[in-house]
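Residue numbers (this note's numbering), protein chains in the order written: chain A, -4 to 108; chain B, 2 to 113.
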């Protein structure tokens, strides 16, 4: 299975600022996904980021708030823009490539004060 | 629309006893089903999947799951629970755009 790393692992940010989360994979993958998870709760898909195309956002998530880059087959970033305390959450990236299942990074724990 | 339900917020089991974590699904077409585990302060780990074939699927850490088409269920099981199995368990079904649709999660507590 792919090995996925995320940076930063955690951060505390002030409201109104932006944070960019990086997701690095040790192999080339076409499909990458970004999720949000409140501790102890289920996952919510933010967007699907396929290399060579614009990210596809789920209902309730917009590009201006969560811009995503996918410059190559091993890397993606998610930016949380103009943050508010409601954005405090765990952000996860995952990959699915030629397999049915997805594999997840360790997550980025974001606290907005 | 594809959906998954985990009817139990929490399951308590004594160590050494068998455990079952329930999952039911609703899909159009063939179901592709998954179980994941999340240990405290750790990422999600893939346990097992059902795509086709044998209704009893074996996965990591001694877990298995039984696919039941008539009952639209995919329950996770283990014959003998360990304290270290205590974690949050998620059932998921593959959506039409290759995304995963997640259940609410079940907290499994194994008591010594």
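Note that the Cβ used here is the ideal one computed from N, Cα and C, for glycine as well. This structure is a prediction, so every number in the text was calculated from the model and none was measured.
Cut-off 6 Å between Cβ atoms - residues of its own chain near residue i, not counting five sequence neighbours on either side
i	result
residue 50 (chain B)	35
residue 18 (chain A)	1, 71, 88, 100
residue 74 (chain A)	13, 15, 62
residue 20 (chain A)	-3, -1, 69, 90
residue 60 (chain B)	48, 49
residue 104 (chain A)	5, 85
Closer than 7 Å to chain A by CB, residue i
i	result
residue 52 (chain B)	yes
residue 35 (chain B)	yes
residue 105 (chain B)	yes
residue 44 (chain B)	yes
Proximity test, Cβ basis, 7 Å: residue i and chain B
i	result
residue 37 (chain A)	yes
residue 73 (chain A)	no
Cβ-based neighbour list, residue i, same chain, cut-off 7 Å, excluding 5 preceding and 5 following
i	result
residue 23 (chain A)	68, 69
residue 40 (chain A)	28, 30, 53
residue 105 (chain B)	7
residue 118 (chain A)	Since the first residue of chain A shown is -4 and the last is 108, residue 118 (chain A) is not available in this structure.
Best match in the options for proximity to residue i [C-alpha to C-alpha]
i	options	result
residue 102 (chain A)	A:33, A:108, A:8, A:47	A:33
residue 20 (chain B)	B:82, B:92, B:31, B:69	B:82
residue 71 (chain B)	B:12, B:56, B:62, B:60	B:56
residue 81 (chain A)	A:106, A:65, A:64	A:106
residue 52 (chain B)	B:32, B:16, B:78, B:60	B:32
residue 43 (chain A)	A:3, A:57, A:77	A:57
residue 62 (chain B)	B:75, B:74, B:46, B:30	B:46
residue 92 (chain B)	B:112, B:98, B:54, B:67	B:67
residue 1 (chain B)	B:23, B:16, B:2	Residue coverage of chain B in this structure runs from 2 to 113, which leaves residue 1 (chain B) outside it and unanswerable.
residue 108 (chain B)	B:9, B:26, B:4	B:9
residue 98 (chain B)	B:80, B:74, B:29	B:29
residue 80 (chain B)	B:18, B:2, B:4	B:18
residue 25 (chain A)	A:85, A:86, A:97	A:97
residue 103 (chain B)	A:7, A:36, A:10, A:8	A:36
residue 65 (chain B)	B:43, B:38, B:42, B:44	B:38
8 Å CB neighbourhood of residue i in its chain, flanking five on each side removed
i	result
residue 110 (chain B)	11, 12, 13, 14, 87
residue 112 (chain B)	13, 14, 15, 16, 84
residue 60 (chain A)	75, 76, 77
residue 26 (chain B)	3, 4, 5, 6, 32, 34, 73, 74, 75, 92, 94
Got a sec: which bits of the segment 6 to 35 of chain A sit with their beta carbon under 8 Å from any beta carbon on chain B, in order along the chain?
Within the segment 6 to 35 of chain A, the residues whose Cβ lies closer than 8 Å to some Cβ of chain B are 26, 28, 35, listed in chain order.
Contained beta strand (DSSP E) runs [length at least 3] in the segment 11 to 97 of chain A, N- to C-terminal order
14 to 20, 26 to 32, 38 to 45, 63 to 67, 70 to 75, 84 to 91
Compile a chain-ordered list of the residues in the segment 88 to 103 of chain A whose CB is closer than 7 Å to at least one CB of chain B.
91, 95, 96, 97, 98, 99, 100, 101, 102
Chain A contacts made by the segment 80 to 101 of chain B, where a contact means CB separation under 8 Å:
Of all residues in the segment 80 to 101 of chain B, only 89, 91, 95, 98, 99, 100, 101 come within less than 8 Å of chain A when Cβ atoms are compared, listed by chain position.
Near-chain A residues of the segment 13 to 26 of chain B - C-beta to any C-beta below 7 Å
none
Residues of the segment 46 to 72 of chain B whose Cβ lies closer than 7 Å to any Cβ of chain A, in chain order
47, 50, 52
Tell me which residues of the segment 39 to 53 of chain A have at least one Cβ-Cβ distance to chain B shorter than 9 Å, keeping chain order.
39, 40, 43, 51, 53
Would you mind listing the beta strand (DSSP E) stretches within the segment 30 to 74 of chain B that are 3+ residues and don't spill past its ends, in chain order?
34 to 39, 45 to 51, 57 to 59, 65 to 69
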